[in-house]
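**Q** Chains as they are written, first to last, in the working numbering: chain E, 36 to 251; chain Z, 8 to 486. No residue lacks a Cβ here, since even glycine has one placed at the ideal position from N, Cα and C. Take a look at this one; I'll ask things after.
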């Protein structure tokens with residue numbers, strides 16, 4: 036009889052198939068969940084900027100307040116990237132001929148803005164308001180990391196939906212007094228549980244998790 | 008196929024003498040005759056002309072489905088006739104219709120198996136295949152009606168960076184589990200039953216491709232005692248797993264409606280009513296498929312008139328249950344005293360969709376009552392037409408429930424009218440193309456009849472049959 040039966044070596048296939056069948060779906064799910072996550076793809080994004088501007092020098096060593104340049108952050112949803120004129124307030128006097136500032140001088144002469152590359156970019160479908168956060172206890176460092184130590188700014192947080200929700204579901208660990216909002220070195224551990232609770236009630240924080248909170 | 012001369016051929020086995028079981032396999036004495044009859048369909052060089060005609064038509068409709076679905080995906084759900092109050096219409100109607108169709112296959116293969124109904128063996132294989140293909144058609148619709156089809160995987164609870172999960176309190180998610188469980192169990196059940204028959208085809212195959220093709224899927228079956236023992240255990244376990252699914256799947260589908268607040272949907276009778284309707288429509292579809300299939304492939308001695316008669320009786324019973332549910336809905340609407348409930352049902356019968364309601368009642372309540380008459384139950388042309396009528400009626404039942412309830416809800420200012428577009432109609436017809444394409448391929452390349460099981464109910468399978476061969480079909484005298 037010439038009927039087809041499985042050859043002996045195919046006995047090995049069964050455990051192999053079972054293993055593959057068990058592992059592959061799990062691997063695929065984990066791969067998509069973690070491999071495609073902004074935690075993997077976005078954190079650490081550090082583009083080269085047209086001007087080698089150092090936050091480490093300005094915000095760190097010189098101790099400039101974030102709001103000197105990003106001055107709309109308390110009043111608007113968008114934290115402004117400073118115009119060339121803000122830089123020129125100082126740099127007409129300080130190192131006016133530095134070769135690193137070539138692009139800045141060109142912008143000041145021509146009136147064309149410097150083409151900064153945006154590092155913290157949200158999708159158009161996500162609504163975010165800086166003023167709602169910085170006026171109510173969420174400090175700059177919470178989302179942007181230690182900017183005062185960054186020579187070139189990079190993406191500190193994933194800015195993923197899950198990351199937003201982590202805080203919206205349990206905001207208490209990310210609240211600080213209004214006076215410490217731009218303080219990069221404030222020790223969050225110094226706040227007691229009661230102080231955090233009182234900050235939460237003081238700021239009337241009831242973070243919403245509805246779809247329409249962020250997807251308007 | 009048969010060794011008996013034409014003048015002694017038995018055709019009608021619908022009557023039974025007391026104490027003597029009517030034969031379920033006609034004009035065949037030996038097992039080999041069953042094998043030859045069933046395998047001939049797969050082994051013949053070319054299919055019957057009718058098969059090619061039906062296959063070409065089905066492929067055409069399948070093409071229409073592909074076009075409509077692609078047009079939908081590339082353009083958006085606006086190509087359907089949906090509007091603000093009527094956000095579900097043809098899509099969900101088709102979904103419920105196809106899921107319902109599947110239930111007859113599971114009932115035949117699982118419940119009738121556990122109840123030792125021997126006549127199931129003639130029809131269970133292709134009824135199970137029908138279940139699987141119907142669930143494939145059903146699964147298409149939730150997938151494409153979500154709007155952004157590329158996010159259809161959001162139906163499943165998969166971990167993701169958004170930390171977003173489906174709403175576990177929603178019956179729509181239960182539906183995902185119910186239907187995917189149903190599909191998995193049905194497929195396993197069907198395949199398990201196929202294994203011995205695939206081995207038969209493998210052993211008979213002449214070509215190397217057929218030998219290897221059937222051989223791979225026959226999983227090395229050699230028909231040893233141990234094989235049969237394990238096989239029957241597995242089959243019994245799967246039958247027990249499938250049995251609750253006959254009741255649960257369409258109950259969960261009915262929750263999509265029953266757990267909402269909408270008058271006309273918010274009804275506790277829905278789960279049993281939907282299950283009865285599902286079995287009703289499913290059996291109608293089995294008859295619709297069995298009548299031409301037994302004709303086309305010469306299987307009249309295995310799918311006998313008695314099988315069809317039995318199925319028509321089930322259609323009568325479940326059709327009557329559906330009719331009862333229709334009238335009970337009206338009774339409860341009146342008895343509840345709820346203004347919106349009363350309106351919903353009056354509007355269903357006399358509102359803008361009165362014609363659909365009338366069609367539904369006449370197809371589903373009046374038509375099956377004709378099956379009280381044996382002459383109608385055993386008339387091939389009549390039962391074929393009536394089964395088509397039932398299919399149409401059951402499609403309209405879902406349409407009436409979904410569209411008439413949505414179009415006229417609590418607030419008259421939000422009322423509207425739903426009119427299907429050509430894409431709606433094309434997708435609906437196209438789903439039939441998908442179904443029949445799969446079914447015709449199945450008929451051609453897989454054993455349509457569960458040969459091993461049919462042989463087990465023949466008198467020849469009786470251990471005493473050899474000793475009393477002169478008694479003919481009398482399996483009775485051994486006990």
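Are there 16 or more other CB atoms within 10 angstroms of the CB of residue 145 of chain E, so buried, or fewer, so exposed?
**A** Numbered from its first residue, the first chain carries residue 145 of chain E at position 110. Residue 145 of chain E is exposed by the Cβ-count criterion.
**Q** Are residue 456 of chain Z and residue 306 of chain Z closer than 8 Å when you measure CB to CB?
**A** Taking the first residue of the second chain as position 1, residue 456 of chain Z is located at position 449. Taking the first residue of the second chain as position 1, residue 306 of chain Z is located at position 299. With a cutoff of 8 Å on beta-carbon distance, residue 456 of chain Z and residue 306 of chain Z are scored as near each other.
**Q** Give a yes or no on whether the C-beta atoms belonging to residue 109 of chain E and residue 170 of chain E are separated by under 8 Å.
**A** The sequence position of residue 109 of chain E within the first chain is 74, counting from 1. The sequence position of residue 170 of chain E within the first chain is 135, counting from 1. Taking 8 Å as the Cβ cut-off, residue 109 of chain E and residue 170 of chain E qualify as a contacting pair.
**Q** Across which residues does DSSP place residue 431 of chain Z in a beta bridge pair?
**A** If you number the second chain from 1, residue 431 of chain Z lands on position 424. DSSP, once it has assigned bridges, lists no residue as partnering residue 431 of chain Z.
**Q** Determine the DSSP secondary structure at residue 237 of chain E, reduced to helix, strand or coil.
**A** Here residue 237 of chain E is taken as the residue at index 202 of the first chain, counted from 1. Look at residue 237 of chain E here: in three-state DSSP terms it is helix.
**Q** Flag this pair as yes or no: are the beta carbons of residue 290 of chain Z and residue 327 of chain Z separated by less than 8 Å?
**A** Counted from its first residue, the second chain places residue 290 of chain Z at position 283. Counted from its first residue, the second chain places residue 327 of chain Z at position 320. No, these two residues do not count as a Cβ contact at 8 Å.
**Q** Rounded to whole angstroms, what's the CA-CA distance from residue 168 of chain E to residue 159 of chain E? Just pull it up for me.
**A** Residue 168 of chain E sits at position 133 when you count from the first residue of the first chain. Residue 159 of chain E sits at position 124 when you count from the first residue of the first chain. For residue 168 of chain E and residue 159 of chain E, the distance between alpha carbons rounds to 19 Å.
**Q** Pick out whichever of Z:362, Z:414, Z:184 and Z:142 has its Cα sitting closest to the Cα of residue 162 of chain Z.
**A** By 1-based counting over the second chain, the position of residue 162 of chain Z is 155. Among Z:362, Z:414, Z:184 and Z:142, the Cα nearest to that of residue 162 of chain Z belongs to Z:184.
**Q** Can you give the Cα-Cα distance for residue 163 of chain E and residue 249 of chain E, rounded to whole angstroms?
**A** Numbered from 1 along the first chain, position 128 holds the residue referred to as residue 163 of chain E. Numbered from 1 along the first chain, position 214 holds the residue referred to as residue 249 of chain E. Their backbone Cα atoms lie some 7 Å apart in a straight line.
**Q** Does residue 216 of chain Z have its Cβ less than 8 Å from a Cβ in chain E?
**A** Here residue 216 of chain Z refers to the residue found at position 209 when the second chain is read from its first residue. Answer no: the Cβ-Cβ gap between residue 216 of chain Z and chain E never drops below 8 Å.
**Q** Start and end of the alpha helix (DSSP H) containing residue 251 of chain Z?
**A** Position 244 of the second chain, counted from the first residue, corresponds to residue 251 of chain Z. Per DSSP, residue 251 of chain Z belongs to the alpha helix (DSSP H) from 232–265.
**Q** I'd like to check one pair, residue 373 of chain Z with residue 271 of chain Z: are the Cβ atoms closer than 8 Å?
**A** In the second chain, counting from the first residue as 1, residue 271 of chain Z sits at position 264. In the second chain, counting from the first residue as 1, residue 373 of chain Z sits at position 366. No. Outside cutoff.
**Q** Thinking just about the alpha-carbon of each residue, which of Z:425, Z:350 and Z:390 is nearest to the one in residue 417 of chain Z?
**A** On the second chain, position 410 is the one that residue 417 of chain Z refers to. The candidate whose alpha carbon is nearest that of residue 417 of chain Z is Z:350.
**Q** In chain Z, which residues lie less than 9 Å from residue 73 of chain E when you measure between Cβ atoms?
**A** The sequence position of residue 73 of chain E within the first chain is 38, counting from 1. Simply 168.
**Q** Residues in the region 161–190 of chain Z with C-beta within 7 Å of chain E's C-beta atoms, listed in sequence order?
**A** 165, 166, 167, 168, 169, 170 and 171
**Q** Note down the Cα distance separating residue 329 of chain Z from residue 371 of chain Z, rounded to an integer number of angstroms.
**A** One-based indexing of the second chain puts residue 329 of chain Z at position 322. One-based indexing of the second chain puts residue 371 of chain Z at position 364. Each residue's Cα considered, the two are about 7 Å apart.
**Q** Return helix, strand or coil for residue 167 of chain Z, following the three-state DSSP convention.
**A** Along the second chain, one-based indexing puts residue 167 of chain Z at 160. Reduced to three states, the DSSP call for residue 167 of chain Z is coil.
**Q** Measure the Cβ-Cβ separation of residue 300 of chain Z and residue 36 of chain Z and say whether it is below 8 Å.
**A** By 1-based counting over the second chain, the position of residue 300 of chain Z is 293. By 1-based counting over the second chain, the position of residue 36 of chain Z is 29. No, these two residues do not count as a Cβ contact at 8 Å.
**Q** What residues from chain E crowd round residue 209 of chain Z, counting only those whose CB sits closer than 7 Å?
**A** Position 202 of the second chain, counted from the start, is the residue given in the question as residue 209 of chain Z. Here the neighbours are 38 and 39.
**Q** Run through DSSP, which three-state label would residue 24 of chain Z get?
**A** By 1-based counting over the second chain, the position of residue 24 of chain Z is 17. Strand at residue 24 of chain Z.
**Q** Using only the alpha-carbon positions, how far apart do residue 469 of chain Z and residue 132 of chain Z sit?
**A** As a first step, residue 469 of chain Z must be located in the second chain, where it is residue number 462. As a first step, residue 132 of chain Z must be located in the second chain, where it is residue number 125. Cα to Cα, the separation comes out at about 23 Å.
**Q** If the cut is a Cβ gap below 8 Å, which residues of chain Z does residue 123 of chain E touch?
**A** Residue 123 of chain E sits at position 88 when you count from the first residue of the first chain. By Cβ distance, chain Z contributes nothing, its closest Cβ being about 41 Å from residue 123 of chain E, past 8 Å.
**Q** Cα separation between residue 459 of chain Z and residue 77 of chain Z?
**A** By one-based count along the second chain, residue 459 of chain Z stands at place 452. By one-based count along the second chain, residue 77 of chain Z stands at place 70. Going by the C-alpha atoms only, they are around 43 Å apart.
**Q** Is the beta carbon of residue 311 of chain Z closer than 8 Å to that of residue 129 of chain Z?
**A** Position 122 of the second chain, counted from the start, is the residue given in the question as residue 129 of chain Z. Position 304 of the second chain, counted from the start, is the residue given in the question as residue 311 of chain Z. Going by C-beta atoms, residue 129 of chain Z is nearer than 8 Å to residue 311 of chain Z.
**Q** Can you have a look at residue 65 of chain E and say buried or exposed, based on whether 16 or more other CB atoms are within 10 angstroms of its CB?
**A** As a working note, residue 65 of chain E is residue 30 in the first chain. So residue 65 of chain E counts as exposed.
**Q** For a test of the three-state rule: what should DSSP assign to residue 73 of chain E, helix, strand or coil?
**A** The sequence position of residue 73 of chain E within the first chain is 38, counting from 1. Correct three-state label for residue 73 of chain E: helix.
**Q** Using a Cβ-Cβ cut-off of less than 8 Å, give me the residues of the region 72–103 of chain Z that come near chain E, in sequence order.
**A** So nothing in the stretch comes that close.
**Q** Assuming residue 65 of chain Z and residue 447 of chain Z are in contact, meaning their beta carbons sit under 8 Å apart, how far apart are those beta carbons, in whole angstroms?
**A** As a position in the second chain, residue 65 of chain Z is number 58, starting the count at 1. As a position in the second chain, residue 447 of chain Z is number 440, starting the count at 1. With 8 Å as the limit, residue 65 of chain Z and residue 447 of chain Z qualify as a contact, their Cβ atoms being about 6 Å apart.
**Q** Using the three-state DSSP reduction, which class does residue 198 of chain Z fall into: helix, strand or coil?
**A** Here residue 198 of chain Z is taken as the residue at index 191 of the second chain, counted from 1. Correct three-state label for residue 198 of chain Z: helix.
**Q** Pairs of beta-carbons, one from the region 373–387 of chain Z and one from the region 342–361 of chain Z, closer than 8 Å: are there three or more?
**A** no
**Q** Assuming residue 41 of chain E contacts residue 220 of chain Z (C-beta within less than 8 Å), just tell me the rounded distance between them.
**A** Counting from one through the first chain, the residue named residue 41 of chain E turns up at place 6. Counting from one through the second chain, the residue named residue 220 of chain Z turns up at place 213. In fact, because the Cβ distance is near 14 Å, the residues do not count as touching under 8 Å.
**Q** Helix, strand or coil for residue 111 of chain E? Go by DSSP, reduced to three states.
**A** Within the first chain, the letter at position 76 stands for residue 111 of chain E. Three-state DSSP puts residue 111 of chain E in coil, outside helix and strand.
**Q** Indicate, with yes or no, if the ligand FAD has a heavy atom lying under 7 Å from the CB of residue 119 of chain Z.
**A** With respect to small molecules bound, the structure shown includes none, and the ligand FAD cannot be examined in it.
**Q** Just verifying my parser: in three-state terms, what is the DSSP assignment at residue 181 of chain Z?
**A** Looking up residue 181 of chain Z in the second chain gives position 174. Residue state, collapsed to three classes: helix.
**Q** Given that residue 197 of chain E touches chain Z, what residues does it touch there, using C-beta distances under 7 Å?
**A** For the purposes of this step, residue 197 of chain E is taken as residue 162 along the first chain, with counting starting at 1. Simply 168, 169 and 170.
**Q** Spatial neighbours of residue 205 of chain Z within its chain, please: CB distance less than 6 Å, with the 5 preceding and 5 following residues excluded, ordered by chain position.
**A** As a position in the second chain, residue 205 of chain Z is number 198, starting the count at 1. The answer, listed in chain order, is 221, 224 and 225.
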